[in-house]
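S.K.:
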Amino acid sequence: MSQAKLTCPFCHQAESQVQTVEEHRYQVSCQHCQATSPAVDSEDLALQLWNRFHQEVSLSKLVVNESPDIIMVKDWDGQFLLGNPALAQHYNTTPEQLIGRDDGHFNSNRAQVDFYLENVREVIRSGKSQQVEETSTDSVTGEIKHYLSVKKPFLGPSGEPQLLIIAKDVTELKDAYHELQERENRYSYAMNIAGEGIWDWDIGNNTVTHNMRWCQILGLDNSALQHPVEDFVGLLHPDDRPSVMAALDKMLADPTGNETYAHEHRMVRADGETLWILDRGEIVERDEQGKPVRVVGAIRDITESKQFELRLKQTQQELSRLNMRLQNTVKEQTDQLFRNEERFALAMRSANDGLWDWDLSTDQVYYSPRWKSMLGYNADELDPTFDTWSSLVHPEDMAQVRKKAAHYVTGKLDSFEVEMRMRHKDGNYLFIRSRAFKLIDAEGRATRLIGTHVDITDKKRSEIFDKQTTKILEMIAKGESASEIYDQIALLYESRHPGMRCSMLELEGDTLLHGGAPSLPQVYCEAVNGLKNGPEVGSCGTSTYTGKRVIVEDIHTDPKWAELKQYALPHGLRSCWSEPIKNSSGLVLGAFGMYYNHAATPNEEELNDLQSAARLAGIIMEREHNHKRMRELAYRDALTGLASRDYFHLSLEEQLQRSEHGQHRFSLLYLDLDNFKTVNDSLGHDVGDQLLQEIGRRLKQACCETDFIARLGGDEFCIILHDIVDDYYSAKVAERCLSFIAEPYLLKGREIIPSCSIGIAHFPADGDNLQALIKAADTALYEAKDQGKSRYAFYKTELTDKAEYQLQLELYLRESIQQQQLSLIYQPKMDIQTGHLVGVEALLRWQHPQLGEVAPSDFIRVAENIGMIKSLTEWVIQTVCNQLASWKQQGLAPIQAAINVHPNHFLDQDLISSLESSLNDTGISPAELELEVTETVVQTNIENLSAFQRLKALGISLAIDDFGSGYSSFASLKHMNIDVLKIDKHFIDDILNDRKAQLLVGSMIEMGHNLGYKIVAEGIETPEQHELLKELNCDLGQGYLFSEPVVASEISRLFSR
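If you read the sequence shown in the working numbering, its first letter stands for residue 17, the second for the next number, and so on.
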């Protein structure tokens, strides 16, 4: 027998040693308390068992000492045999001072002490565990505390009866319960109806009347202040209606009047929310037979109190579960304290949590077998050091875990709980939740951390999956690119199954197109992209063809991969499972594939993920198909079938990028139909649309297939010519367009000969971005129109200067018209025969501070373009009338003033009212005004004839200006009720040198006189011209021979001369 003395874990006496119990069998026995270990085959093994037993018992005692609950052992007389620090703190003493004393030594409340002693003996006599609610006075604060105690009797080492007690402080729960009772009492004794939702039931009329508070509680408006009883019943929760109606019927049926109505039930608000209601009422009026005719009551929203009751019930349930845990704890602690090492070890091994114990002074760490197995290691693996833990924690989590541990040890944190990733033996990471408490020495310093590990990998992976899925849905909602979303979907499912690689293929017709596969080799993706699907085309090609799931366990042997395995096997791909991706109507849009580097079939989780991945990919794939369809609709002009304006801008931008990168030239042709408005106005918009469709067809015939043709809107078209070598090619295409468009076209029985103008700009010479190039082509187009239409023009830099000048004119002209900064001068009109001044022509002039003198031909056209011609003409009329009135006041003889009217304004309905207003304001006779219009208005349509008639009826003289310079018919003059023809200056310039010109002027004078018109010759500059016109019997003349245009004050001087 060995003589080595060992310390006993129970009595702490060094009275234990190894003994031989039979041949070759050894055990350790304590001579002081008779504790023994199991018999084993060797002394060394017996010592190892005893040391492990000593360690486990020490840990058990540590748990008892660190427990926040009170744990004690008492004998028959109520004296403490054991008390943990929690009990000592309650009695303001130490665990050692408790031993051998009873409660009376520390508690002055005699009634409590007697109750404790009697209860100890009662439980010991029963021989059964009991649960008791007790109160005890805190020796420090004097506070009465409530405890839920679990008491278990047992026999001590010598057979004496003893009692183990574990007491849980439930003071806060009791206080909460009393608070709930008090609150309920306050509800019960509150005013019956004051401030609540009041209802008044007229039984005879079957109506219920309410106050506003009742409606507010149920979310109703004022229309619900009175309604039939059936409406009230409709607001009751369906499950509560029978009990509510039964309670009301019971009150109504009671002839004594003692029965009142009080009921808790649910009602449904107008917004659908369910409320708990306390509803009370009583009969306030009966008829002569004693039958109830009126009931008054009130409701109160008790939803909050019901929720509180629910929380209290949950708390009580939690307390019950806590009690069960306390009972289990008692059993566990009792087993740990009084059972042998073998049963203790079995209990430890059965625990699911991994246990660890870190000695902060030595960095030695005890790892329980469960702790190790959780990470895939055997019990004899891993060194018991802190470095072992450090080597297993994920590097990204290390800093925050160590920081929390340091803060807990130093007291900056009240508890220690972290979630981290730890590396499994197979190389994968698990998510671990670790909790711990610390042991403090006499100086208040932490000496050890003892804690547990729980594997929460499944929970965390589920959370991560949900979070990543939400992120993908957000990307879809935000309209992010499909390729990015495809990659995110693939990475999401790859993260759930280590080693898996995913791909998505889109189906375009019968062709498979690469969608996303971030983890597959680029070479493989390129090989699959563009494949035609079919019944034996790999996994994805087959699934898109059949519309069904395809599971290929081994790519190497499966016949569906016979033609494709040469691309897959070199990259380690051995199995492939494919699910067809379908839209909401069941149409196959593509396929989702899952690959492994080993032959395999999917388990249940992988199969579910394959289906969910295909559904998720289907959302974005269907969105892309819809967007593609919408783009096709948006990029096609509905009328002509040509590209739309949006498609043109997109294509031009792409062409700019390609040409800039490859340093290629291309041309932009900007085309606008000439006089298209006339077709619309005269023949109708439906005929105009037919013409536009025909123009679209002719442009296709004139251009090559590679040329891009678009209709921008209205009668505007653009053509992009790719990779041109020189300007000649652009001109040649423009000439073909002019030629094809100019072919006659029969519309509504009338032959139309369309024409167009074309502006040509080149990249990069005329513009290196979209806006600049379009602007250059547009500028060239207007130059072509200015040159006479039905032609093309190349862009030149000076055209931009001209366009910018036009923009300046528009800006300044608006200001000048609004601020009336323009002026009038007057061209005298003389009697050819007598040389007397008989009238003037008002001429508009514009002298701008920055632009200088602006020609009327420039700013009149601008005024027409910006819609200011009407206001400008009205200003001229008013100013001329004012001037005529002023000359009259100066005593001058009446003269006639001519005003030029734009053809568009001539047909304006407001012209007559403007003239009448000015004449009335100034007192001028209508005969003193003459309106000059160009011969473009000399047409036989009803609008022109009506305008002439209205003006003549007013008494105003009418003149055709620049006669002979246009294209109007002489025959149309017979329909016009006019007074004067003004012969254009071009004829007068040649009248002395050109016999034909002289004959034409003579003919116009004779014809005018025969029609009853006066004739005015414009631009007379020489006496010889004057004499010849006098011989030809011309009536009036104007020109520099008589006077250049002068300001109003000079007219007085000319009269006197």
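We treat Cβ as the ideally placed atom computed from N, Cα and C, and that holds for glycine.
Take Val80 as the anchor and find which of Val300, Ala104 and Trp92 has the nearest alpha-carbon.
M.R.: Comparing Cα positions, the closest option is Ala104.
S.K.: Consult DSSP for Glu721 and reduce its assignment to one of helix, strand or coil.
M.R.: Three-state DSSP puts Glu721 in coil, outside helix and strand.
S.K.: Under 8 Å: do the segment 832 to 847 and the segment 712 to 723 share three or more Cβ pairs, one atom per stretch?
M.R.: As far as the Cβ criterion goes, the segment 832 to 847 does not touch the segment 712 to 723, which means the pair count is below three.
S.K.: Got a sec? Which residues, its chain only, sit under 6 Å from Arg365 by beta carbon, not counting five neighbours each side?
M.R.: Because Arg365 sits at a pLDDT of 48, beneath the cut-off of 50, its placement in the model cannot be relied upon, and the point is left open.
S.K.: Can you tell me whether Ala1033 is helix, strand or coil according to DSSP?
M.R.: Ala1033: strand per DSSP, three-state reduction.
S.K.: When burial is assigned at 16 or more other CB atoms within 10 Å of the CB, is Ala367 buried or exposed?
M.R.: Residue placement at Ala367 cannot be trusted, given a pLDDT of 48 that sits under 50; the coordinates are not used to answer.
S.K.: Since I believe Val695 is in contact with Lys764 (beta carbons under 8 Å), could you give me their beta-carbon distance rounded to a whole number of angstroms?
M.R.: Not really, about 10 Å apart at Cβ, beyond 8 Å.
S.K.: Identify the continuous alpha helix (DSSP H) that holds Val544 and give its terminal residues.
M.R.: Where Val544 is concerned, the enclosing alpha helix (DSSP H) stretches over Gln538 to Val544.
S.K.: Going by the DSSP bridge assignment, what does Asn916 pair with across the sheet?
M.R.: Bridge partners of Asn916: Glu948.
S.K.: In the DSSP output, which residue or residues are listed as bridge partners for Pro872?
M.R.: BP columns for Pro872 are empty, so no partner.
S.K.: Hey, which unbroken runs of the alpha helix (DSSP H) at 4 residues or more fall wholly within the segment 385 to 468?
M.R.: Counting whole runs of 4 or more residues, the segment 385 to 468 contains the alpha helix (DSSP H) stretches 385 to 390, 402 to 408 and 411 to 425.
S.K.: What first and last residue would you give for the beta strand (DSSP E) that runs through Trp903?
M.R.: Careful: Trp903 lies outside any beta strand (DSSP E), inside the alpha helix (DSSP H) at Ile885 to Gln905.
S.K.: Note down the Cα distance separating Ile571 from Ile488, rounded to an integer number of angstroms.
M.R.: Distance between the alpha carbons of Ile571 and Ile488 is about 31 Å.
S.K.: For Arg296, name the three-state secondary structure that DSSP assigns.
M.R.: If DSSP states are grouped into helix, strand and coil, Arg296 belongs with the strands.
S.K.: What residues in its chain sit with their C-beta under 7 Å from that of Lys581, if we drop five residues either side in the sequence?
M.R.: Correct list, in chain order: Ile571 and His572.
S.K.: Would you be able to state if there are at least three C-beta pairs under 8 Å between the segment 821 to 839 and the segment 769 to 776?
M.R.: No, the segment 769 to 776 does not touch the segment 821 to 839.
S.K.: Would DSSP call Ser142 helix, strand or coil?
M.R.: Of the three classes helix, strand and coil, the one that applies to Ser142 here is helix, per DSSP.
S.K.: For the alpha helix (DSSP H) that Pro111 lies in, which residues bound it at each end?
M.R.: Its alpha helix (DSSP H) spans residues Pro111 to Leu114.
S.K.: Return the Cβ separation of Lys419 and Phe447 in integer angstroms, given the expectation that the two are a contact with Cβ distance under 8 Å.
M.R.: At roughly 19 Å, the Cβ-Cβ gap does not stay under 8 Å, so Lys419 and Phe447 are not in contact.
S.K.: Quick one, are the C-beta atoms of Tyr745 and Leu754 less than 8 Å apart?
M.R.: Cβ distance not < 8 Å, so Tyr745 and Leu754 don't count as in contact.
S.K.: By the DSSP assignment, the beta strand (DSSP E) with Pro169 in it spans what residues?
M.R.: Ile160 to Leu171 is the extent of the beta strand (DSSP E) around Pro169.
S.K.: Where do the ends of the beta strand (DSSP E) carrying Pro844 lie?
M.R.: Element bounds for Pro844: Ser839 to Asp847.
S.K.: Would DSSP call Gly557 helix, strand or coil?
M.R.: Three-state DSSP puts Gly557 in a helix.
S.K.: Residue range of the beta strand (DSSP E) that Val37 falls in?
M.R.: First-last of the beta strand (DSSP E) with Val37: Ser32 to Glu38.
S.K.: Do you know offhand how far Val311's Cα is from Val300's?
M.R.: Each residue's alpha carbon lies about 6 Å from the other.
S.K.: Could you give the distance in angstroms between the alpha-carbon of Glu880 and the alpha-carbon of Glu826?
M.R.: Each residue's alpha carbon lies about 10 Å from the other.
S.K.: Smallest Cα separation from Asp131: which of Asp119, Val539 and Lys886?
M.R.: The sequence shown places Phe at residue 131, not Asp. Among Asp119, Val539 and Lys886, the Cα nearest to that of Phe131 is on Asp119.
S.K.: Would you call the CB atoms of Tyr583 and Met516 closer than 8 Å?
M.R.: Against a cut-off of 8 Å, the Cβ pair of Met516 and Tyr583 comes out as no contact.
S.K.: Mind checking which residues open and close the beta strand (DSSP E) that includes Leu179?
M.R.: Element bounds for Leu179: Pro177 to Asp185.
S.K.: Could you give the first and the last residue of the continuous alpha helix (DSSP H) run that contains Met261?
M.R.: Counting along the chain, the alpha helix (DSSP H) containing Met261 begins and ends at Arg257 to Ala269.
S.K.: If you count every other CB in all the chains shown that lies within 10 Å of the CB of Ala183, and 16 or more means buried, which is it?
M.R.: Ala183 should be labelled buried.
S.K.: Counting C-beta neighbours from all protein chains within 10 Å, is the total for Ile501 16 or more, i.e. buried, or is it exposed?
M.R.: Looking at its Cβ environment, which holds 16 or more other Cβ atoms inside 10 Å, Ile501 is buried.
S.K.: Exposed or buried, which one is Tyr821 when buried takes at least 16 other CB atoms within 10 Å?
M.R.: So Tyr821 counts as exposed.
S.K.: Among Asp457, Gln834, Glu1040 and Leu1052, whose alpha-carbon lies nearest the alpha-carbon of Leu1086?
M.R.: It is not possible to answer for residue 1086, since the shown part of the chain is limited to 17 through 1073.
S.K.: Rounded C-beta distance between Tyr686 and Ala793? I'm assuming under 8 Å.
M.R.: The pair is a contact, with the Cβ atoms about 4 Å apart (cut-off 8 Å).
S.K.: Which stretch, first to last residue, makes up the beta strand (DSSP E) that contains Glu1040?
M.R.: From DSSP, Glu1040 is part of no beta strand (DSSP E) but of the alpha helix (DSSP H) over Pro1039 to Glu1047.
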